[in-house]
Every structure is written in C-alpha cells, then in structure tokens.
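Just so you know, we're using this note's numbering here: the sequence shown kicks off at 282 and counts up by one. Here is the structure we will look at, set down as structure tokens.
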Amino acid sequence: MTFRTLDDASDLAGKTALVRVDFNVPMEGGKVADDTRLRAALPTIQRLRDAGAKVALLAHFDRPKGKVVPEMSLRPVVQPLADLLGAPVRFADDCVGETARTAVAELDTGGVILLENVRFHGGEEKNDPAFAQQLAEVGDLYVNDAFSAAHRAHASTEGLARLLPAYAGESMRRELEALDAALGNPVKPVIGIVGGAKVSTKLDLLKNLVGRLDRLAIGGGMANTFLFAQGVDVGGSLAERDMADTAREILAEAEAKGCEILLPVDLVVATEVKPGAEVRTVKAGDALSDDDKILDAGPASVARLTAAIDASKTLIWNGPLGVFEVPPFDAATVATAKHVADRATSGALTAVGGGGDTVAALNHAGVADDMTFVSTAGGAFLEWMEGKALPGVEALRA
Ligand code: AMP
C-alpha cells in the first residue's frame with residue numbers, strides 16, 4: 282500500500298496545512314471527557330509546526346446536519362488541546378470564508394488554529410465540490426490524520442484531497458501501516474478472531490476474511506449461529522437461526538479457499554446473564570435445555586485457539602469470544618487476549634485488533650498496550666476488514 286505521507290511534503294515553511302483530525306470526542310457537561318483523540322493528533326501538529334507551517338485543524342463534532350448548532354461547537358476542545366500541545370490554539374467561528382481565511386492569515390509561523398465544526402455546512406457530508414473548494418481556499422496543503430472518518434466520502438475527508446497536495450498525517454500513517462501488516466501484506470500464517478453478537482452484522486467481514494486468512498476462529502454469539510447450522514444444540518442461546526444457510530455457505534467457502542475455521546468445541550452455559558451466575562461447561566453437541574444460554578467458549582476451545590495462535594505469525598481480532606462485560610463470561614476473551622499479548626510482546630506475533638467492543642474487551646483484559654496496534658476507529662476499521670476501499674485513504678494514494 283503506497284500513500285503520500287509528510288515525508289513526501291517538501292518546503293512546508295510558511296505554508297498553511299489544513300489538517301483533518303478526529304475531534305469527535307466524548308463530552309460531559311460541555312467539557313472533554315476523554316482526550317485520547319486529541320493526543321492522537323499531536324505528532325502531526327508538532328511535525329508541521331517544527332517544519333514552520335501554520336496548522337489549521339478541520340474536524341466534525343456530532344451530527345448538526347448542515348446547521349449551526351451551538352451545543353455542537355468545537356470550541357470546548359481548544360483549551361484541552363492547547364494544554365496538551367503546550368502552545369496556544371486559536372479558534373475560528375467558521376471553517377470557510379472570510380472568517381477562516383482572515384484568522385489563518387493572522388497566525389504566526391508554527392501557529393495552530395481550530396476551525397469550527399465542518400458539519401455546520403451541508404456541503405460537508407454531501408461532499409459538495411463548491412464547499413470543498415471553499416475549504417481549499419483556506420490552506421495550501423491537506424493532511425488527513427483521521428483514519429476513523431476515512432470511510433466517509435465527505436468534503437473534508439475526500440473532496441479536499443483532490444484539490445490540494447494531500448498527505449497522510451502521522452496517526453493515519455501508523456494506522457495504515459498496522460492494517461497493512463495485519464491484512465494487506467501480512468507475514469503468514471495469518472489467523473483471525475471474529476466474535477461478537479451476530480453474524481448478520483459481520484457477513485461482509487467474514488466473507489472477506491475467509492478468502493484471505495489461513496485460519497479463522499469464530500466466537501461469541503455468532504459462533505452459536507454456526508454451531509446451530511451444523512446441527513449442534515444451542516438451547517435458548519442468542520443465535521440467528523434464519524442465518525443457518527448463510528453460515529453453511531461461509532463454511533463451504535472457507536473450505537474451498539483453504540481457510541481453517543475454528544468453532545468452539547466446549548461451551549460455558551448458564552440460565553442467566555448475571556455476574557457470578559452458576560455456570561456449567563459442556564461439549565459442543567451435548568443436549569441443552571431451552572433455558573440454557575451459551576455465553577462463553579470453554580477451556581478446551583481456548584487451548585485449541587491459543588495453539589493455533591502459536592502456529593501463526595499474524596493475528597487480526599474483532600469481537601469478543603463471549604459476554605465479556607459480565608464475569609465469568611469474560612474468561613475465554615481474557616485468556617486469549619493475554620496469550621495474544623504475550624506472543625506480541627515477545628515479537629513472535631504481529632497482533633492487531635479493533636472495531637466496536639474489541640477495544641473495550643482488550644482494555645478489560647488489560648492488554649491493549651501490549652498489542653502491536655489497536656485501532657479505535659470503529660466503522661472505518663470494520664469497513665477495512667470487509668475489504669472495502671475507504672474513500673479518505675484512496676484519495677491519499679501515491
Ligand atoms: P459486536 O458489537 O458484534 O462485536 O458484539 C459484541 C457483543 O456481543 C458484546 O456486548 C457481547 O456481550 C456480545 N456477545 C458475545 N458473546 C455472546 C453470546 N454468546 N451470547 C450473547 N451475546 C454475546
């Protein structure tokens with residue numbers, strides 16, 4: 282995968298870089314409640330400042346749907362960002378027009394300004410060329426550092442990249458390199474773990490993965506659907522019984538493409554989903570009652586999975602193996618995550634995870650920092666796992 286990075290941008294001194302960041306941060310009572318996304322933008326901002334550029338930050342916040350909604354202003358982000366950066370950050374009440382252009386012109390070399398919510402303009406989400414042109418008039422070059430917004434073809438994520446010299450920022454670059462190492466150009470053998478609630482939400486993902494991986498472990502509620510499709514008794518478990526044909530098709534496709542599928546061989550069953558519930562471990566295929574719910578994979582399944590991980594050089598993970606929010610149904614997810622983390626920290630495994638609840642599950646297991654890379658991108662990460670082209674990334678291709 283080749284894309285333009287800041288290494289390709291020469292002579293930044295005196296130029297204004299329009300930098301698309303993801304500042305769609307959690308807010309509580311008008312204050313930033315989690316500054317992870319602000320921190321993620323720092324390396325790019327600092328690199329541009331060091332090169333003598335002015336930095337004008339573009340971002341969306343929430344869904345104002347093309348109208349000015351004061352509660353969705355990005356202004357509360359200014360001070361926390363300035364504190365993290367250790368330098369002043371200015372603010373402009375509009376991301377385009379005279380307001381934005383004048384504010385940017387008044388910046389000193391190395392100065393930083395945050396421009397108001399791009400989604401206050403209807404042209405943003407419509408990727409309106411006229412709006413993209415207005416944005417382009419505010420700067421000299423474009424840097425996209427928001428992988429998490431790259432699955433959207435919006436003016437500030439895609440249209441603008443067609444109008445100005447466009448580069449991937451430092452966070453975007455790290456993310457793209459990690460994703461490439463995990464699925465684009467991985468060291469083989471590659472194993473995937475896909476868990477979570479439903480097959481129906483991850484059909485495209487499963488279909489893409491079986492064509493690319495050497496092994497795929499399926500866990501969580503979606504494993505119940507596959508087990509049901511194979512005639513295994515799933516009792517009163519969450520399972521999409523109407524998806525049995527689809528599950529069998531995926532299994533057939535995996536076989537045709539040489540992807541070994543690992544389904545749970547033993548199951549942790551309880552009649553209630555509550556902390557410390559009474560559980561029993563059964564073999565897949567044992568008879569269950571209508572009250573029984575399969576809520577986690579058992580130890581034999583984990584042992585088989587960790588052996589498969591040991592036989593792999595690369596791992597990509599999305600979705601928990603059980604109801605990890607409610608102990609003891611977190612056991613398979615936690616044990617597997619710890620094993621993955623050990624392999625990754627020893628250098629034996631490139632391990633990348635992300636999407637939806639995966640970040641929470643890896644944090645719950647206490648291993649998020651030990652993975653090679655954990656993507657917090659959500660939708661963009663999933664679309665990338667589905668093999669879809671991300672418009673914001675395509676626009677940065679060299
Ligand atoms: P997803 O967002 O599709 O990755 O699904 C994550 C959710 O799947 C989590 O909230 C888990 O509690 C849930 N989940 C995992 N395993 C099971 C299971 N065996 N039965 C019901 N829900 C499950």
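Think of the CB as a built atom: it goes at the ideal place given N, C-alpha and C, for glycine as much as any other residue.
Item: Under 8 Å between the Cβ atoms of Ala578 and Gly603?; Value: yes
Item: Would Ala589 and Arg496 qualify as a contact pair, given that the criterion is a beta-carbon distance under 8 Å?; Value: yes
Item: Please work out which residues of its chain come closer than 8 Å, Cβ to Cβ, to Pro369, disregarding the five sequence neighbours upstream and downstream, and give them in chain order.; Value: Ala363, Gly392, Val393
Item: Should Asn408 be listed as close to the ligand AMP, given that the test is whether its C-beta is under 7 Å from any heavy atom?; Value: no
Item: With burial defined as no fewer than 16 other Cβ atoms inside 10 Å of the residue's Cβ, what is the status of Thr283: buried or exposed?; Value: exposed
Item: Taking the beta carbon of Thr631 as the centre, do at least 16 other beta carbons fall within 10 Å, making it buried, or is it exposed?; Value: buried
Item: Excluding the 5 residues preceding and the 5 following Leu355 in the sequence, name in chain order all residues of the same chain whose CB lies nearer than 7 Å to its CB.; Value: Phe304, Ala340, Phe342, Leu395, Glu397, Asn398
Item: Given this structure, state the Cα-to-Cα distance separating Asp650 from Gly636, to the nearest angstrom.; Value: 16 Å
Item: Does the structure place the segment 521-539 close enough to the segment 553-569 that three or more beta carbon pairs sit under 8 Å?; Value: no
Item: Just to confirm, are Lys574 and Thr595 a CB contact at a threshold of 8 Å?; Value: no
Item: Which first and last residues belong to the beta strand (DSSP E) in which Gly634 is found?; Value: 631-635
Item: Quick check: does the Cβ of Gly516 come within less than 7 Å of any heavy atom belonging to the ligand MN?; Value: In the structure shown, the ligand MN is absent; the only ligands present are the ligand AMP.
Item: From the DSSP output, which residues share a beta bridge with Lys715?; Value: The first residue shown for the chain is 282 and the last is 679, placing residue 715 beyond what the model contains.
Item: Following a CB-centred definition, is Val640 positioned closer than 7 Å to any heavy atom of the ligand AMP?; Value: no
Item: Using CA atoms only, rank isn't needed, just tell me which of Asp289, Leu486, Gly477, Pro467 is closest to Gly502.; Value: Gly477
Item: Return yes when the C-beta of Leu544 is under 7 Å from any heavy atom of the ligand AMP, and no when it is not.; Value: no
Item: Cutting at 7 Å between CB atoms, please list the residues of its own chain near Met353, excluding the five before and the five after it.; Value: Phe342, Asp343, Pro345, Asn398
Item: Compare the Cα-Cα distances from Asp375 to each of His402, Gly500, Ala442 and report the closest residue.; Value: His402
Item: For the candidate residues Leu416, Val300, Ala447, whose alpha-carbon lies nearest to that of Gly378?; Value: Leu416
Item: Distance, Cα to Cα, Gly440 vs Ser627?; Value: 42 Å
Item: Is the closest heavy atom of the ligand AMP to the C-beta of Ala612 under 7 Å?; Value: no
Item: Asp514 by DSSP, collapsed to three states: which one?; Value: coil
Item: Exposed or buried, which one is Gly647 when buried takes at least 16 other CB atoms within 10 Å?; Value: exposed
Item: Ordered along the chain, which non-local residues of its own chain (more than five positions away) have a Cβ less than 6 Å from that of Thr383?; Value: none
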